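In what follows, a structure is listed as structure tokens, so that the remarks can point back to it.
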Amino acid sequence: MKASRFAWAAMLAVSVADLASAASSNLVVNPHFNRDLAAWTAWDPGNSTTAIYSATDMDGAADSGSALVSAVAPNNFIITALRSSCFPVVAGRFYRWSTKLFIPGTQSGAGVVQPGFRFSTDPACATLMAPTYSVTNTSVVNTTVTLHAEGPAPAGAVAGQLWLMPIKTGGSAPFSAYFDDVEVVELGCNGLESDTTLCLQGGRFAVTAAWQSGTASGTGRAVQLTPDTGYFWFFNASNVELLIKVLDACVVPFQHFWSFSAGLTNVQVDLTVVDTKNGTTKVYHNPLNTDYPPKLDTSAFATCP
């Protein structure tokens, strides 16, 4: 057991370098508005929308800023938006967008904010599809909030674009809001990917770890290392508790996906691995006050290809 744990620890050390490449990347260009609004464009600039760079950063960083977007049309409920650059998407895959925003309370114009994720049937986003899950409203003032939504790209979608939309609902003066830290990421595991779910083997396998000690219980926090390997921590981010990898052994004579795991813990653990392609599930149980042994399951999933 000590040798196995040493081998897993060594694997963890050499795999940390792969973490950045394994993590989901932000599809938005210039998402933090560090110096300007490059790669962003205003809808109908000057008539319905104005957008300027502000040195006010949502996190208080001295070397970054935000986008100050205003609905300036004389009438209310006119489409107004600051739009990101167009980025490719794949129909059927899941995406999550989020943005921080701040609505100043000391302004004459009234309104709501509606960030939206718009899909397109052409790669330049010239033909936009109707909004699906993309719009979330807020009118909270004088407080930094984060809005987000997620869902699959509809059939026919080949590209996407994020819209930051302050909508004026009353008054003759413009209605303004600050935006910062914008993100659009693809979610693996058919949309199940989260901070408690690993997505392995190209997002086909979703892995979670429920734990229970003598005094507490919870769900492990997931950290992906490589496309087929990751780990969970339970109590502290610097304390690794459980490692897992799912390997593609869909070749003769094996014809299986293999599930290998090992623990650095003696708490109760239920490690659940789901093949999201067909719903096949394996649960590996470790009793409380028992060292989690290496589990080398070479017959885990007979679900090839």
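With the working numbering applied, the sequence shown closes on residue 292, and no number is skipped along the way. For every residue, glycine included, the Cβ atom is placed at its ideal position computed from N, Cα and C. Note that the coordinates shown come from a computational prediction; the quantities given were computed from them, not determined experimentally.
Check whether residue i and residue j have beta carbons under 8 angstroms apart
i    : j    : result
Y311 : L24  : Nothing can be reported for residue 311: it is not among the residues displayed for the chain, which extend from -12 to 292.
E75  : P18  : For clarity, residue 75 is Pro in the given sequence; the question names Glu instead. Going by C-beta atoms, P75 is not nearer than 8 angstroms to P18.
G52  : S41  : yes
A26  : S71  : yes
T86  : D182 : no
V171 : V15  : yes
V270 : T263 : no
L88  : V59  : no
Y82  : G147 : yes
T290 : F241 : no
Residue i, DSSP secondary structure in three states
i      : result
N273   : strand
C186   : strand
G175   : helix
L234   : strand
E180   : coil
F20    : coil
Q94    : coil
R191   : coil
L14    : coil
G217   : strand
S126   : coil
A289   : coil
S225   : coil
A9     : For A9, the predicted structure reports a pLDDT of 40, less than 50, and the residue's modelled location is therefore unreliable. The matter cannot be settled from this model.
A(-10) : Because the pLDDT of A(-10) is 37, which lies under 50, any placement of that residue in the model is unreliable, and the question is left without a value.
S200   : coil
Q101   : coil
P281   : coil
T86    : strand
A0     : The predicted position of A0 is uncertain, since its pLDDT is 37 and thus under 50; no value can be drawn from it.
G205   : strand
Anticipated Cβ contact below 8 angstroms, residue i with residue j, distance rounded
i    : j    : result
A68  : T108 : Incorrect: roughly 19 angstroms between the Cβ atoms, too far for contact.
Q94  : F162 : 7 angstroms
D257 : A203 : No, D257 and A203 are not in contact; Cβ-Cβ is about 15 angstroms, not under 8 angstroms.
V128 : P91  : 7 angstroms
Q199 : L275 : 7 angstroms
A160 : G79  : No, A160 and G79 are not in contact; Cβ-Cβ is about 44 angstroms, not under 8 angstroms.
D293 : L187 : Residue 293 is absent from the model: the chain starts at -12 and stops at 292.
S246 : L229 : Incorrect: roughly 13 angstroms between the Cβ atoms, too far for contact.
A29  : A38  : 5 angstroms
C237 : P292 : 6 angstroms
Taking contact to mean at least 3 C-beta pairs separated by less than 8 angstroms, is the stretch 274 to 291 in contact with the stretch 206 to 219? no
Please confirm if the stretch 99 to 107 is in contact with the stretch 136 to 147, defined as three or more CB-CB distances below 8 angstroms between the two stretches. yes
Please list the segments of the beta strand (DSSP E) lying wholly inside the stretch 29 to 82, counting only runs of 3 or more residues, in order along the chain. 36 to 41, 53 to 58
Would you list, in sequence order, the uninterrupted beta strand (DSSP E) runs of no fewer than 3 residues that lie entirely inside the stretch 236 to 271? 243 to 250, 255 to 262
Runs of beta strand (DSSP E) wholly within the stretch 130 to 169 (minimum 3 residues, chain order): 132 to 139, 146 to 151, 153 to 157
Could you tell me whether the stretch 143 to 161 touches the stretch 92 to 100, using the rule of 3 or more Cβ pairs below 8 angstroms? yes
Stretch pair the stretch 189 to 201 + the stretch 221 to 234: three plus CB contacts closer than 8 angstroms: yes
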